[in-house]
Amino acid sequence: MASVKVRLPKEIRRGDLVEVRALVSHPMESGQRKDAQGNPIPRKILNKFICTYNGREVIRMDLAPAIAANPYLSFFVRATESGSLELTYIDDDGSTISEKVPFKVV
Amino acid sequence: MGTSNDQGLSRRALLRAVGIGGLVMSGASLVARPSSAQALRPGAHLEVLNRLVGGKQAKPGRVTVKMPEIAENGVQVPLTVSVESPMTDQDYVKAVHVVADDNPNPDVLSVYFTPACGKAEVSTRMRLAKTQRVIAYAEMSDGSVWSGQTEVKVTIGGCGG
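First to last, the sequence lines map onto chains A and B.
According to our numbering, the residues represented by the first sequence are 1 to 106, in order.
According to our numbering, the residues represented by the second sequence are 1001 to 1161, in order.
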């Protein structure tokens, strides 16, 4: 259901500052809205994001309901060696969405 | 003929005057927008600063919050926060906290960087309930705290009734 799209530059050289852009489909229900009957719709968001580079944590974020639906996140990673990036989102209900992308340094 | 020439001149002069006036106006609106380095007015951000950073004083500067000046729809407003830092093992940005004072919940985003990021910059899209300022705090590895802010005019709120 939920898919993560990750975009990296075409060519990555050692030492580059690489912009990682990630998009995930998720409603990010803020808990502020009401349904047609006037009942509040319970909050359900991705509240955490972690990116690891070859198993080591590079960046971590705490997300609040103020992050728009289908969260877009972009950040930087310094390229040191080839391997992979793993992006993980943690949902309010405890489930996780994870995506591993190859990271090739030339 | 003479009269039509005069009219042409006056029309040109009028247009020129309007053009200059426009330039002055846009300059004024640029000045009116609070700069990143300005001191902060009190608000909900102080509670968030206390909770997340532990009551430290934030100095204005080093943090840039980039957002559009006018957001027609508050459902999805682009946001970029960047912090001046060499991002070495000795001197790096530990965390950035983004706060929207006039949202029902002022928290927006906390980012925990490591030196492996190489650059302390993050972008996302956020919700804004109404016209307000967005503030970012940066916690440095040396313990100092810096702040930056910007003001966004919102035409339609984006938090849902």
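Just so you know, even glycine gets a beta-carbon here, dropped at the ideal spot from N, CA and C.
Check                                                                                                                                                                 : Outcome
Looking at the unbroken alpha helix (DSSP H) that takes in Asn1050(B), where does it start and where does it end?                                                     : 1044-1053
Check each residue of the region 1108-1121 of chain B: if its Cβ is closer than 7 Å to any Cβ of chain A, include it; give the result in chain order.                 : Val1108, Leu1109, Ser1110, Val1111, Tyr1112, Phe1113, Thr1114, Ala1116, Cys1117, Gly1118, Lys1119, Glu1121
Assuming Ser74(A) and Ser1123(B) are in contact, meaning their beta carbons sit under 8 Å apart, how far apart are those beta carbons, in whole angstroms?            : 4 Å
Any chance the region 1102-1113 of chain B sits against the region 36-45 of chain A, with 3 or more Cβ pairs inside 8 Å?                                              : no
Can you grab the Cα-Cα spacing for the pair Ile12(A) / Phe103(A), in whole Å?                                                                                         : 8 Å
Relative to the C-alpha of Ser3(A), which candidate in Tyr72(A), Glu81(A), Val77(A) has its C-alpha closest?                                                          : Tyr72(A)
By DSSP, does Ala1100(B) sit in helix, in strand, or in coil?                                                                                                         : strand
Counting only runs of 3+ residues fully inside the region 1074-1160 of chain B, write out the beta strand (DSSP E) ranges in chain order.                             : 1077-1083, 1093-1100, 1107-1112, 1121-1126, 1132-1140, 1145-1156
If we define contact as Cβ-Cβ less than 8 Å, is Val77(A) a contact residue for chain B?                                                                               : yes
Output, in chain order, the set of chain B residues within a Cβ distance shorter than 9 Å of Ala68(A).                                                                : Val1075, Gln1076, Val1077, Thr1124, Arg1125, Met1126, Arg1127, Gly1158
Run the CB neighbour count on Val1083(B), radius 10 Å, all protein chains shown included, and call it buried at 16 or more, exposed below.                            : buried
Which residues does DSSP pair with Val105(A) in a beta bridge?                                                                                                        : Ile12(A)
What does the Cβ neighbour count give for Thr1155(B), buried or exposed, with the cut at 16 atoms within 10 Å?                                                        : exposed
Helix, strand or coil for Ala1071(B), going by three-state DSSP, please let me know.                                                                                  : strand
Let me confirm a value: Ala1120(B) is counted as buried when at least 16 other C-beta atoms fall within 10 Å, else exposed. Which label applies?                      : buried
Count the other CB atoms, across all protein chains shown, that sit within 10 Å of the CB of Gln1090(B); report buried if there are 16 or more and exposed otherwise. : exposed
Could you confirm whether any beta carbon from chain A is found closer than 8 Å to the beta carbon of Ala1071(B)?                                                     : no
Three-state secondary structure (DSSP) at Ala1028(B)?                                                                                                                 : Interpretation of Ala1028(B) is limited by its pLDDT of 45, a score under 50 that renders its predicted location unreliable; the figure taken from the coordinates is listed afterwards. Looking at Ala1028(B) - three-state DSSP - the assignment turns out to be helix.
Could you tell me which chain B residues have their CB closer than 7 Å to the CB of Ala64(A), listed as they occur along the chain?                                   : Asn1105, Asp1107, Val1108, Leu1109
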